[in-house]
Amino acid sequence: MLALLASGLSRSSSNNKLAESENSAQNSNNMSWGTELWDQNENLAIHTNRGIDALDKFANFLRDRVAIETEYAGKLRRLVKNYQPKKKEEEDNEFTSVQAFRNLLKEVGDLAGQREVVSESLQLQIIAGVTLLSKTLREDRKKCLSDGATLQQNLTTQLSSLDRAKRNYEKAYRDSEKAVDSYKRADMDLNLSRAEVERYKNVMTSKIQQSDDAKNEYANQLQKTNNLQQQHYSMLLPSVLNRLQELDEKRTRGFREFIVGAADVESSVAPIIARCMEGIVKAGESINEKEDTFKVIERYQSGFTPPRDIPFEDLSKCDPDSVQESHYSNSTSNHLTIRGTMSANKLKKRVGIFNIFGSNKNSLTADGQKEDFSDLPPNQRRKKLQAKIAELTQNIAQETKARDGLMKMKIVYEANSSLGNPMTVEGQLNESEHKLEKLKVDLKKYQGFLEKASQVPTATSSPQASRNQLQNGHRTSRHSNGSADDHHDDGDDQPDDAGSLSSSASPESGLGTSHTSLPGSGQGSANENAIGEDTYYETEVETLNPVGKCRALYPFEASSEGSIPMSEGEELQVIEIDQGDGWTRVRRENNSNGWDEGFVPTSYIECTLYA
1 MLALLASGLS RSSSNNKLAE SENSAQNSNN MSWGTELWDQ NENLAIHTNR GIDALDKFAN
61 FLRDRVAIET EYAGKLRRLV KNYQPKKKEE EDNEFTSVQA FRNLLKEVGD LAGQREVVSE
121 SLQLQIIAGV TLLSKTLRED RKKCLSDGAT LQQNLTTQLS SLDRAKRNYE KAYRDSEKAV
181 DSYKRADMDL NLSRAEVERY KNVMTSKIQQ SDDAKNEYAN QLQKTNNLQQ QHYSMLLPSV
241 LNRLQELDEK RTRGFREFIV GAADVESSVA PIIARCMEGI VKAGESINEK EDTFKVIERY
301 QSGFTPPRDI PFEDLSKCDP DSVQESHYSN STSNHLTIRG TMSANKLKKR VGIFNIFGSN
361 KNSLTADGQK EDFSDLPPNQ RRKKLQAKIA ELTQNIAQET KARDGLMKMK IVYEANSSLG
421 NPMTVEGQLN ESEHKLEKLK VDLKKYQGFL EKASQVPTAT SSPQASRNQL QNGHRTSRHS
481 NGSADDHHDD GDDQPDDAGS LSSSASPESG LGTSHTSLPG SGQGSANENA IGEDTYYETE
541 VETLNPVGKC RALYPFEASS EGSIPMSEGE ELQVIEIDQG DGWTRVRREN NSNGWDEGFV
601 PTSYIECTLY A
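Going by full-length UniProt numbering, the first residue of the sequence shown is number 1, and it counts up by one from there.
Right, here's the structure in full:
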């Protein structure tokens with residue numbers, strides 16, 4: 001029962017509030033400035049001016065926001081551009097974390113685009129509308145105030161005429177009263193003649209007539225003033241004030257529409273921004289640490305096994321030569337590493353004049369690797385070769401399609417010469433044939449490389465371990481071309497994995513250098529290389545004689561080991577000419593150390609060789 005009573009009271013209260021709001025709305029609709037604020041013309045003028053100023057302030061706010069949105073979008077785009085992966089980082093695109101970051105950058109770029117859309121929409125739709133409305137309102141307000149001032153001026157003029165007529169009437173009435181009094185005194189005065197009394201009477205009559213005329217004029221002006229005043233406050237002024245009211249309501253209504261419109265502009269891009277956020281979340285969820293770990297293993301796995309235990313050497317049971325060789329093997333094994341392992345980035349490609357015995361002329365790829373990738377570990381080599389074969393196969397397919405298209409075009413031209421000259425296609429067809437033939441030759445060559453790499457069994461131990469195993473009575477001598485001859489009695493050719501360490505095209509590697517730079521360093525027989533590659537660390541090489549001189553055409557800053565800086569116009573001695581790797585070995589006199597030797601780019605110098 002109490003619940004029903006409370007419910008009834010609640011409904012009654014809500015109904016009362018609704019009725020009050022409806023009455024208030026109805027009353028507000030019935031109320032107008034012309035009737036309610038007929039005497040507040042100046043305050044209404046101030047109010048409307050402040051309202052338009054508020055609208056202009058809103059427009060300035062939107063302009064500042066547009067500037068911020070534009071700047072934000074521009075900075076987002078610059079941020080995305082600055083963090084785009086560099087060309088040298090493209091090989092990391094296979095990792096899910098890198099792919100997720102690239103997708104993140106793409107979504108952030110889309111976000112920047114949506115902020116630009118917001119900025120443009122606010123500028124074209126909202127700010128332009130606010131500016132136009134403000135201009136129109138100011139013009140209408142100015143006209144309304146001008147009309148109101150004219151009406152007020154007319155009323156003021158009429159009131160002045162009424163006041164003037166009233167003053168004239170008051171003066172004329174006083175004069176007539178005074179003339180009447182003068183006539184009465186003269187009529188009662190027996191000393192005055194009849195003519196003088198008659199004169200006073202005429203003056204009295206004239207003054208009374210003037211008073212009556214002034215009275216009539218006053219009555220007439222009063223009637224005009226009342227009529228004008230009634231018309232002014234009931235029709236003319238309310239019309240002007242109602243126009244000001246409409247103007248202010250138009251401003252208020254526009255304010256509401258523009259605020260809602262600005263929110264609509266923001267809301268219109270919200271779904272796209274939400275999809276961008278979903279894309280970012282999806283990019284983050286796509287990261288798979290296990291998959292990245294597997295790809296790291298797949299990229300850097302060499303195929304070698306860790307070195308075996310080093311056997312114990314009993315010096316009492318070994319001959320001196322064997323002991324000396326064993327000691328030498330241990331001392332030099334620390335300098336070896338394998339490209340593609342953890343220390344690959346520390347591999348020095350050129351170690352100065354001590355590596356000039358290497359004469360491997362194998363051609364190199366753009367990234368400094370051998371053409372057959374023999375400088376890589378077995379697993380990495382096979383992957384590189386397979387990728388190269390896939391690339392060549394795709395190029396052959398594309399070139400075959402291009403050749404077939406040219407052949408069809410030639411057949412069409414031969415059938416209908418008006419379409420074109422067949423000979424114009426002949427040159428392109430021959431070029432396509434040559435290119436296709438070259439691609440097929442390269443494909444066959446790399447297929448041979450892959451077949452050879454697949455036939456060679458994967459090494460069961462690293463070169464360091466193989467070196468350690470040579471301590472058991474085997475003697476190895478290294479030729480200048482980086483190959484190793486095992487002088488064991490079995491006579492089998494064992495592949496030396498470390499041989500791939502002696503080739504590179506950069507100035508730091510020292511490989512592919514001249515064999516005529518040092519006396520007696522030819523391409524070599526075993527007798528010339530009895531010392532071997534492994535013994536050059538302990539061999540002192542004699543000073544090289546210059547083979548010419550050169551002048552630096554451009555300044556060069558040495559940024560890697562094995563190279564030396566030079567300034568433009570500097571003259572240097574040439575002690576080893578370019579062997580096809582783009583670097584020349586030079587020497588300069590140094591007051592403190594005697595001589596500085598190193599490599600400089602061949603294209604940076606002008607050489608003059610001695611006869």
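Each residue gets a CB set at the ideal place from its N, CA and C atoms; glycine is no exception.
Supposed close pair residue i, residue j - CB separation, criterion 8 Å
| i | j | result |
| --- | --- | --- |
| residue 610 | residue 547 | 6 Å |
| residue 137 | residue 52 | 5 Å |
| residue 443 | residue 389 | 7 Å |
| residue 450 | residue 385 | 4 Å |
| residue 247 | residue 48 | 6 Å |
| residue 168 | residue 217 | 7 Å |
| residue 273 | residue 114 | 5 Å |
| residue 422 | residue 410 | 5 Å |
| residue 555 | residue 582 | Not a contact, Cβ separation roughly 18 Å. |
| residue 76 | residue 112 | 4 Å |
| residue 565 | residue 571 | That pair is no contact at about 15 Å. |
Which of helix, strand or coil DSSP assigns to residue i
| i | result |
| --- | --- |
| residue 271 | helix |
| residue 310 | coil |
| residue 113 | helix |
| residue 38 | coil |
| residue 222 | helix |
| residue 137 | helix |
| residue 412 | helix |
| residue 579 | coil |
| residue 563 | strand |
| residue 644 | Given a span of 1 to 611 for the chain in the structure shown, any question on residue 644 remains unanswerable. |
| residue 438 | helix |
| residue 86 | coil |
For residue i, the first and last residue of its enclosing alpha helix (DSSP H)
| i | result |
| --- | --- |
| residue 61 | 41-82 |
| residue 295 | 289-300 |
Range of the contiguous beta strand (DSSP E) that encloses residue i
| i | result |
| --- | --- |
| residue 586 | 583-590 |
| residue 606 | 605-609 |
| residue 598 | 594-601 |
| residue 558 | Premise fails: residue 558 is in no beta strand (DSSP E) and is neither H nor E. |
| residue 548 | 548-552 |
Cβ-based neighbour list, residue i, same chain, cut-off 7 Å, excluding 5 preceding and 5 following
| i | result |
| --- | --- |
| residue 381 | 373, 374, 453 |
| residue 158 | 224, 225, 228 |
| residue 340 | For residue 340, the predicted model reports a pLDDT of 42, less than 50, meaning its position is unreliable and no value from the coordinates is stated. |
| residue 134 | 52, 55, 56, 59 |
| residue 186 | 192, 196, 197, 200 |
| residue 45 | 145 |
| residue 569 | 551, 552 |
| residue 83 | 105 |
| residue 117 | 269 |
| residue 606 | 550, 551, 553 |
6 Å Cβ shell around residue i - same chain, five flanking residues per side excluded
| i | result |
| --- | --- |
| residue 241 | 33, 34 |
| residue 599 | 507, 562, 563, 583, 585 |
| residue 165 | 217, 218, 221 |
| residue 211 | 172, 173, 176 |
| residue 608 | 548, 549 |
| residue 215 | 169 |
| residue 429 | 406 |
Sequence-distant residues of its chain with Cβ nearer than 8 Å to residue i (five each side left out)
| i | result |
| --- | --- |
| residue 213 | 172 |
| residue 287 | 96, 97, 100 |
| residue 262 | 62, 122, 126 |
| residue 284 | 100, 104 |
| residue 38 | 233, 237, 238, 241 |
Any non-hydrogen atom of the ligand PLP closer than 7 Å to residue i Cβ
| i | result |
| --- | --- |
| residue 130 | Among the components of this structure there are no ligands whatsoever, and the ligand PLP is therefore not found. |
task: Mind listing, in chain order, the continuous beta strand (DSSP E) runs of no fewer than 3 residues lying wholly within the region 131-182?
output: none
- prompt: Hey, which unbroken runs of the alpha helix (DSSP H) at 4 residues or more fall wholly within the region 183-254?
  reply: 194-231
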